[in-house]
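Numbering (the numbering used here), first residue to last: 226 to 557. Have a look at the structure below before the remarks.
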Amino acid sequence: MTITRRSLLLRAPLAAGIIAVGLPSIARSQAASVKIRYLASRGSISPHELADQLGYFKGLGIELENVGYAGGGPESLFALASGSVDLGSAATPAVINSIAGGNDFVAAYPSNGINSQVKSVFYVLEDSPIRSIADVAGKTISVNTLGAHLDYAVREALHSVGLPPDAAKLVVVPGPQLEQTLRSHQVDVAGLGYWQATFAGALVANGGVRGVFNDADVLGEIAGGFIVLRRDFIAANRDAAKNFVEQSARAADWSRQNPDEARKVLAEILDKRGENGELARYWTGFGLREKAVATDRDIDFWVAVLERDGRLPKGKLKAADILYRPGESKTN
226 MTITRRSLLL RAPLAAGIIA VGLPSIARSQ AASVKIRYLA SRGSISPHEL
276 ADQLGYFKGL GIELENVGYA GGGPESLFAL ASGSVDLGSA ATPAVINSIA
326 GGNDFVAAYP SNGINSQVKS VFYVLEDSPI RSIADVAGKT ISVNTLGAHL
376 DYAVREALHS VGLPPDAAKL VVVPGPQLEQ TLRSHQVDVA GLGYWQATFA
426 GALVANGGVR GVFNDADVLG EIAGGFIVLR RDFIAANRDA AKNFVEQSAR
476 AADWSRQNPD EARKVLAEIL DKRGENGELA RYWTGFGLRE KAVATDRDID
526 FWVAVLERDG RLPKGKLKAA DILYRPGESK TN
């Protein structure tokens with residue numbers, strides 16, 4: 226049977242009230258434990274990983290399993306489409322493109338937000354002649370992967386100064402190698418995503434670099450990307466999906482209220498993965514709104530960009546078609 230947004234919303238439970246201590250209500254009717262497989266991102270975590278570490282999923286029939294690393298959002302979405310994982314994590318344009326391409330995905334909750342504190346920064350060496358966005362024309366910029374947030378942030382930055390989207394050359398460089406490739410002059414600009422604050426912090430601490438532009442200035446305050454679920458997974462595990470999103474949002478709120486403690490937890494997670502837990506001190510947070518709320522602009526901004534560039538048919542998608550809102554009673 227085809228699962229539509231209408232049928233999904235009709236089957237979703239109504240949101241319950243807020244309990245006395247201010248925590249979200251929890252659906253407990255899930256009979257069996259649901260395993261959610263995912264791919265991690267080097268040097269960073271998502272709110273659901275923090276929620277798991279804090280024990281927020283205990284007693285809710287949710288078990289997270291890290292099955293490896295993703296080089297970027299598109300890789301994560303490919304794994305989700307193939308059934309290799311149960312959730313993906315990708316930049317909003319990549320999520321929209323994937324859904325437009327026929328994948329029955331839903332944006333479950335924003336993985337990160339972009340604001341004045343949490344943002345992607347494009348760095349150059351201190352003595353670089355590059356001083357502005359216009360100066361990156363013809364230069365090489367390192368990004369973690371193509372077709373994801375940094376790629377689209379560069380395109381939009383170039384568009385903002387009247388340059389074509391391919392005016393700069395993008396080079397794929399893994400997060401741990403970003404500093405080395407910049408300092409060895411293999412690239413002119415190093416793009417460090419909002420989720421790579423640990424690597425950016427180490428780069429700045431080592432000196433001799435400066436930021437040229439950032440995505441907050443180009444895009445404004447907006448969700449950077451989304452945690453993505455399949456609609457059939459939600460339909461089959463409606464309580465688990467609702468609990469997963471609510472507890473992930475709860476963890477994001479906790480991290481904002483307890484930043485120092487959150488960095489300690491991040492350090493533990495990185496050490497457990499065999500990464501450098503010392504980098505956790507540079508983590509700037511998730512940058513999410515309270516309760517990890519998503520707005521229509523988080524999606525519709527990029528829909529308009531993709532329509533403008535001819536990558537998405539006009540009127541094919543809008544925020545209401547993509548966002549998962551388990552307590553929503555109206556249909557589209």
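The beta-carbon is built from N, C-alpha and C at its ideal position, and this holds for glycine as well.
Limits of the unbroken alpha helix (DSSP H) element including residue i
i: L495; result: 484-498
i: T520; result: Unbroken run through T520: none, as it is neither H nor E.
i: G214; result: Residue 214 is absent from the model: the chain starts at 226 and stops at 557.
i: S314; result: Careful: S314 lies outside any alpha helix (DSSP H), inside the beta strand (DSSP E) at 313-316.
i: V443; result: 440-444
i: A505; result: Element bounds for A505: n/a, residue is neither H nor E.
i: R408; result: 403-408
Residue range of the unbroken beta strand (DSSP E) whose run includes residue i
i: A415; result: 414-417
i: P335; result: 330-339
i: N369; result: Element bounds for N369: n/a, residue is neither H nor E.
i: E290; result: 287-294
i: L395; result: 394-397
i: V429; result: Not the beta strand (DSSP E): V429 falls in the alpha helix (DSSP H), residues 422-430.
i: L264; result: 259-265
Residue i Cβ short of 7 angstroms to the ligand ATP heavy atom set
i: G387; result: With respect to the ligand ATP, the structure shown offers nothing to examine, as it has no ligands at all.
Whether residue i touches residue j by CB criterion (8 angstroms)
i: A415; j: L388; result: no
i: A315; j: P299; result: yes
i: F330; j: R536; result: no
i: R267; j: Y348; result: no
i: I287; j: F469; result: yes
i: V397; j: V368; result: yes
i: A276; j: R498; result: no
i: V343; j: Y419; result: yes
i: T365; j: K394; result: yes
i: E404; j: F424; result: yes
Rounded distance between the beta-carbons of residue j and residue i, thought under 8 angstroms
i: A545; j: S473; result: Wrong, their Cβ atoms sit about 21 angstroms apart, outside the cutoff.
i: I355; j: D413; result: 6 angstroms
i: G426; j: L350; result: Contact doesn't hold; Cβ gap of about 17 angstroms is too wide.
i: D442; j: S345; result: The pair is not a contact, with the Cβ atoms about 10 angstroms apart (cut-off 8 angstroms).
i: L542; j: A332; result: Actually they are not in contact, since the Cβ atoms of L542 and A332 sit about 11 angstroms apart, beyond 8 angstroms.
i: G449; j: H374; result: 6 angstroms
i: A476; j: L279; result: 6 angstroms
i: E381; j: L285; result: No, E381 and L285 are not in contact; Cβ-Cβ is about 39 angstroms, not under 8 angstroms.
i: Y377; j: P318; result: 5 angstroms
(message) If contact is defined by three or more beta carbon pairs under 8 angstroms, each pair taking one atom from either stretch, is the segment 504-516 in contact with the segment 479-487?
(response) yes
(message) Between the segment 486-500 and the segment 334-353, can you find at least three pairs of beta-carbon atoms closer than 8 angstroms?
(response) no
(request) Could you tell me whether the segment 446-464 touches the segment 302-319, where touching means 3 or more Cβ pairs closer than 8 angstroms? (result) yes
(request) Within the segment 462-486, note down every full alpha helix (DSSP H) run reaching 4 residues or more, in order along the chain. (result) 463-482
(request) Examine the Cβ distances between the segment 499-510 and the segment 276-294 and report whether three or more of them are shorter than 8 angstroms. (result) no
(message) For the pair the segment 518-532 and the segment 490-497, tell me if three or more CB-CB distances fall below 8 angstroms.
(response) no
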